[in-house]
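Under full-length UniProt numbering, residues 1 to 145 are what the sequence shown spells out, in order. Virtual Cβ for every residue (Gly too), placed ideally from N, Cα, C. Please read these numbers as outputs of a predicted model, since none were measured by experiment. Scroll down for the structure; my scribbles are underneath it.
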Amino acid sequence: MSRQTALLFLSAVIITSCVDYQEEKPSAKDERTKLEVQTVPVRLSKPAVVIFEMDSLEIEQLKEADGEDIFYTAADDLMWYNYQLQQKMDSLAIPMMYTEDDTLKVITPNQTYEIVKDSTFTVYTYFYYDGEDLTRVDLFDLLDN
């Protein structure tokens, strides 16, 4: 290889290595589309709590909307109450299941439910299966009953 060819090759390598590379991140719409097509069936025959969690993209959007101080204060409180619920459900031998999926199919002996996450869902959104019906419930109702 001639000296001129080697210099040309070396110059090309240096120029391409100096280019600022930015990884293309999927847009919220792209990410949402991927999540919406995921459906993980869950079979329930005994009482259980199903908890929808926000995914990282939804949490970031919530932080932007509410402000980080408010978000973290509320999240801290929510974590405490969720811990209290976990203690109560453990004492009653009622399992708690978490999902970040946007759609969840729940199959029970009496009925099949398809839960689709919507704008009313919060950091944690709770559903309780009592052995008969699956209903959306408030965290504090679960703690009180």
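Spatial neighbours of residue i in its chain, beta-carbon cut-off 8 Å, leaving aside the 5 residues before and after
{"i": "Gln-86", "result": "Met-96"}
{"i": "Ala-130", "result": "Checking the displayed sequence, the identity of residue 130 turns out to be Asp instead of Ala. The residues are Pro-47."}
{"i": "Ser-27", "result": "Confidence is the limiting factor: at Ser-27 the pLDDT is only 44, short of 50, which leaves the residue's position unreliable, though a coordinate-based value still follows. Cβ within range, chain order: n/a, list empty."}
Burial state of residue i (16 or more Cβ within 10 Å)
{"i": "Thr-135", "result": "exposed"}
{"i": "Asp-30", "result": "Because the pLDDT at Asp-30 is just 44, under 50, the model does not fix this residue reliably, and the point stays unresolved."}
{"i": "Cys-18", "result": "Its pLDDT being 48, under 50, Cys-18 is placed unreliably by the model, and the measurement read from it follows with that caveat. Exposed, because fewer than 16 other Cβ atoms sit within 10 Å of the Cβ of Cys-18."}
{"i": "residue 194", "result": "Shown here, the chain extends from 1 to 145; a query on residue 194 therefore has no answer."}
{"i": "Tyr-72", "result": "exposed"}
{"i": "Glu-64", "result": "exposed"}
{"i": "Glu-58", "result": "buried"}
For residue i, the residue or residues it bridges with in DSSP
{"i": "Pro-41", "result": "Lys-105"}
{"i": "Ile-51", "result": "Tyr-98, Tyr-126"}
Residue i and residue j closer than 9 Å at C-beta
{"i": "Pro-41", "j": "Lys-88", "result": "no"}
{"i": "Leu-78", "j": "Leu-139", "result": "yes"}
{"i": "Val-50", "j": "Thr-122", "result": "no"}
{"i": "Asn-82", "j": "Tyr-124", "result": "yes"}
{"i": "Phe-52", "j": "Ile-107", "result": "no"}
Own chain, CB closer than 7 Å to residue i, minus 5 neighbours either side, in chain order
{"i": "Asp-20", "result": "The pLDDT assigned to Asp-20 is 46, lower than 50, so where the model puts this residue is not dependable, and the model offers no usable value."}
{"i": "Asn-110", "result": "Glu-132"}
{"i": "Gln-84", "result": "Leu-143"}
Cut-off 6 Å between Cβ atoms - residues of its own chain near residue i, not counting five sequence neighbours on either side
{"i": "Phe-127", "result": "Val-50, Leu-134, Arg-136"}
{"i": "Leu-7", "result": "Bear in mind that the predicted position of Leu-7 carries a pLDDT of just 45, short of 50, making it unreliable; the figure below should be weighed with that in mind. Closer than 6 Å at the Cβ level, and outside the excluded window around Leu-7, lies no residue."}
{"i": "Met-54", "result": "Val-123"}
Requested in this report: Pick out the complete beta strand (DSSP E) segments inside the region 70-139, 3 residues or longer, and give them in chain order.
Outcome: 96-99, 103-107, 112-116, 124-129, 134-137
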